[in-house]
Amino acid sequence: MESLVMIRLGTARVVLALLAVLLVLPEQAQAVINFSKSRFIYPASEKSLTIELKNGGVEDTLVQAWIDTGDVTASPSSVKAPFLITPPMFVMKGGTEKSMSLLFVGPSLPADRESLFWLNVLGISKEAGKTVGVEPARVKVAYRNRVKVLYRPDKLEGTLETAVNGLMWSAVKVDKKLVVRAKNSSPYNITVPQAILRVGEKEYTGPEVKVIPPFGVMDFEMSGLNSKPMEGGEVDCRWIDDFGIFRQQKFKLK
């Protein structure tokens, strides 16, 4: 999964819409409700896309699903994504699997590039008893998983792999800070979980996952990079393919 969150709540009154606005904390805990994939490609020619889930826990879990456009703090009721999820809320028994349908309902999206969305599932387990002092309390555990949904128009030029091959990397100054910039001239979103700049024996590492947008640029802040690299700089780029597999490629710094 790209990201997940576990929240412990000391009250029986849990409102899903309120939980949904909490920030996602990556790798905080093993999620109970898991996706079958770490990303989903929605071909524009398809009427719907099947999303498979598994309840990896032993308890029945209440599940809510929704799509957002990139704001992790947005509540399900506030987001306006061009998709319909059925069913949007249901109960999964422990150890079972279930399928949801994701349908594109418009309005139209750009036909010359991919559009990126995020699919969320929030699972709340059954209440468990817990004593706080002399008073009994009810504890709920909520898990949230969030993965990419890439809406891919038909007949886009090239492939994701050729898009990565075409990346151009350079060192530029932004607000008096030196960064490494990746330019994407393709219609594909490119997910880069790590980029490392090597210049001679020196190594500079980017600290976070970035998505380089179609026909756009993304800047990577490299820890310790204070002066413009000498000639011969090389970027070691890790990227993720359509199957969620991590791949690696090297580029000369321009």
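As numbered in my numbering, residues 30 to 283 make up the sequence shown, in order. Positions of the beta carbon are idealized from the N, C-alpha and C atoms, including for glycine.
Terminal residues of the alpha helix (DSSP H) in which residue i lies
| i | result |
| --- | --- |
| residue 61 | Premise fails: residue 61 is in no alpha helix (DSSP H) and is neither H nor E. |
| residue 192 | 189-194 |
Euclidean distance between Cα positions of residue i and residue j
| i | j | result |
| --- | --- | --- |
| residue 85 | residue 126 | 9 Å |
| residue 249 | residue 200 | 10 Å |
| residue 193 | residue 269 | 10 Å |
| residue 107 | residue 241 | 26 Å |
| residue 113 | residue 147 | 13 Å |
| residue 77 | residue 255 | 49 Å |
| residue 232 | residue 225 | 7 Å |
| residue 177 | residue 228 | 33 Å |
| residue 253 | residue 123 | 47 Å |
| residue 100 | residue 149 | 11 Å |
| residue 110 | residue 260 | 45 Å |
| residue 186 | residue 102 | 34 Å |
| residue 184 | residue 96 | 25 Å |
| residue 88 | residue 118 | 17 Å |
| residue 138 | residue 216 | 13 Å |
| residue 181 | residue 218 | 10 Å |
Residue i in three-state terms, based on DSSP
| i | result |
| --- | --- |
| residue 101 | coil |
| residue 158 | For residue 158, the predicted structure reports a pLDDT of 47, less than 50, and the residue's modelled location is therefore unreliable. A value from the coordinates is still provided. Strand at residue 158. |
| residue 218 | coil |
| residue 108 | coil |
| residue 12 | This structure gives no information on residue 12, because the portion of the chain shown stretches from 30 to 283. |
| residue 174 | strand |
| residue 152 | strand |
| residue 87 | coil |
| residue 185 | coil |
Residue i, enclosing beta strand (DSSP E) - first and last residue
| i | result |
| --- | --- |
| residue 125 | Premise fails: residue 125 is in no beta strand (DSSP E) and is neither H nor E. |
| residue 200 | 197-203 |
| residue 263 | 263-269 |
| residue 274 | Looking at the DSSP string, residue 274 is not in any beta strand (DSSP E), and its letter there is neither H nor E. |
| residue 77 | 77-84 |
| residue 207 | 206-213 |
| residue 72 | 68-72 |
Does the region 208-227 come close enough to the region 252-271 that 3 or more CB-CB pairs lie under 8 Å?
yes
As an exercise, report each continuous beta strand (DSSP E) stretch of at least 3 residues that is fully enclosed by the region 221-250, in chain order.
223-228, 231-234, 239-241 and 245-249
Determine, using beta-carbon pairs with one atom in the region 69-78 and one in the region 128-146, whether at least three such pairs fall under 8 Å.
With the cut-off at 8 Å, the region 69-78 and the region 128-146 touch.
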